[in-house]
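Peer 1: Sharing a structure here in structure tokens format.
In the working numbering, the protein residues as written are 1303 to 1547.
Take a look at the structure:
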């Protein structure tokens, strides 16, 4: 008999990188599932559009750059100030730039490393602190990549950041499980979003038709959060049927 799903109605989920792609799709599906969401991204106009679409009763937003620890603090504070609690955080913000090890500028690589790695660490730290203070447990979901399980050519630095996320998730799981905090790394293969467009991908490339959709990964996010509290999924690897593994 399958495990019963938890009712997410009334739960509060914070999402980084929420203005497009996987973050935006996750926000929609979570609100559809009865959750309230606290969204963070750098593009205020896109966040405002989501509030208009999903309803101000269900959504709170704050702009911020995940490379700044203060942005993580502001996200958690907004959840508590607006909805009185924080149940889960989805650390989705990230960037990708493809190319050989010598093909990108120092600034490009620094931005990618700081966004993907530091952005994950700061968000997790703030969430864990909030979960421990409330003593009710919680979920930390990290949107990583299959590139963090096996790297490929022309993505060495990107893969390094994703390996860091996967390693961080595994270690953090061992650290906070006894506090009732679950940590999951979701590792999708290529997803058809604006991710890396102009930095290794070309908009309209026919090969993108074989990729996962943002809604596929959003489904994984909601499934993980809806698991009974007695169990946890530490890693979820995802491929479309059209992608070779």
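C-beta: ideal position from N, C-alpha, C; glycine also.
(1) To the nearest whole angstrom, what separates the beta carbons of residue 1372 and residue 1318, a pair I think is in contact under 8 Å?
(2) Taking only three categories from DSSP, how would you classify residue 1414?
(3) Determine the direct distance from the alpha carbon of residue 1369 to that of residue 1341, and round the result to whole angstroms.
(4) List the residues that DSSP assigns as beta-bridge partners of residue 1490.
(5) Say whether chain C places a C-beta atom closer than 9 Å to the C-beta of residue 1400.
(6) Only counting the same chain, and skipping five residues up and downstream in sequence, which positions put a Cβ closer than 6 Å to that of residue 1535?
(7) Determine the burial state of residue 1404: buried for a count of at least 16 other Cβ atoms within 10 Å of its Cβ, exposed for fewer.
(8) Check the DSSP bridge columns for residue 1338 and list the partner residues they point to.
(9) Does the distance from the C-beta atom of residue 1292 to that of residue 1530 stay below 9 Å?
(10) Give the secondary structure of residue 1548 by DSSP, where H, G and I count as helix, E and B as strand, and everything else as coil.
(11) Roughly how many whole angstroms lie between the Cα atoms of residue 1452 and residue 1507?
(12) Check whether the Cβ atoms of residue 1523 and residue 1483 lie closer than 9 Å to each other.
(13) Is the Cβ-Cβ distance between residue 1557 and residue 1519 less than 9 Å?
(14) If residue 1475 sits next to residue 1401, beta carbons under 8 Å apart, how far is it from one beta carbon to the other, in whole angstroms?
(15) Under DSSP, the alpha helix (DSSP H) around residue 1514 begins and ends at which residues?
(16) Using a Cβ-Cβ cutoff of less than 6 Å, which residues in the same chain neighbour residue 1387 once the five nearest sequence positions on both sides are dropped?
(17) Run the CB neighbour count on residue 1532, radius 10 Å, all protein chains shown included, and call it buried at 16 or more, exposed below.
Peer 2: Answer, in terms of the structure:
(1) On the chain shown, position 70 is the one that residue 1372 refers to. On the chain shown, position 16 is the one that residue 1318 refers to. Actually they do not touch by this definition, with Cβ atoms about 13 Å apart.
(2) For this step, residue 1414 is matched to residue 112 along the chain shown. Collapsing the DSSP output to three states places residue 1414 in a helix.
(3) Taking the chain shown and counting its residues from 1, the one referred to as residue 1341 is at position 39. Taking the chain shown and counting its residues from 1, the one referred to as residue 1369 is at position 67. Residue 1341 and residue 1369 have their C-alpha atoms roughly 16 Å apart.
(4) Mapped onto the chain shown, residue 1490 falls at position 188. Per DSSP, 1540.
(5) Absent from the structure is chain C; it holds one protein chain and no more.
(6) Counting from 1 along the chain shown, the entry for residue 1535 is found at position 233. Result list for residue 1535: 1486 and 1526, in chain order.
(7) Position 102 of the chain shown, counted from the first residue, corresponds to residue 1404. Exposed, because fewer than 16 other Cβ atoms sit within 10 Å of the Cβ of residue 1404.
(8) On the chain shown, residue 1338 is found 36 positions in, with the first residue counted as 1. Partner(s): 1314.
(9) In the structure as shown, the chain begins at 1303 and stops at 1547. Residue 1292 is therefore absent and cannot be evaluated.
(10) Residue 1548 is absent from the structure shown; the chain starts at 1303 and stops at 1547.
(11) Taking the first residue of the chain shown as 1, we reach residue 1452 at position 150. Taking the first residue of the chain shown as 1, we reach residue 1507 at position 205. Separation of residue 1452 and residue 1507 (C-alpha to C-alpha, rounded to the nearest whole angstrom) is 24 Å.
(12) If you number the chain shown from 1, residue 1523 lands on position 221. If you number the chain shown from 1, residue 1483 lands on position 181. With respect to residue 1483, residue 1523 sits apart: the two C-beta atoms are not nearer than 9 Å.
(13) No information on residue 1557 is available, as it lies outside the stretch 1303 to 1547 that the chain covers here.
(14) Locating residue 1475 in the chain shown gives position 173, counting from the first residue. Locating residue 1401 in the chain shown gives position 99, counting from the first residue. Actually they are not in contact, since the Cβ atoms of residue 1475 and residue 1401 sit about 32 Å apart, beyond 8 Å.
(15) Counting from 1 along the chain shown, the entry for residue 1514 is found at position 212. DSSP places residue 1514 in no alpha helix (DSSP H); its state is neither H nor E.
(16) Residue numbering aside, residue 1387 sits at position 85 when the chain shown is read from its first letter. Apart from the 5 residues on each side of it in sequence, residue 1387 sits with its Cβ closer than 6 Å to the Cβ of 1314 in its chain, given in chain order.
(17) Numbered from 1 along the chain shown, position 230 holds the residue referred to as residue 1532. So residue 1532 ends up on the exposed side.
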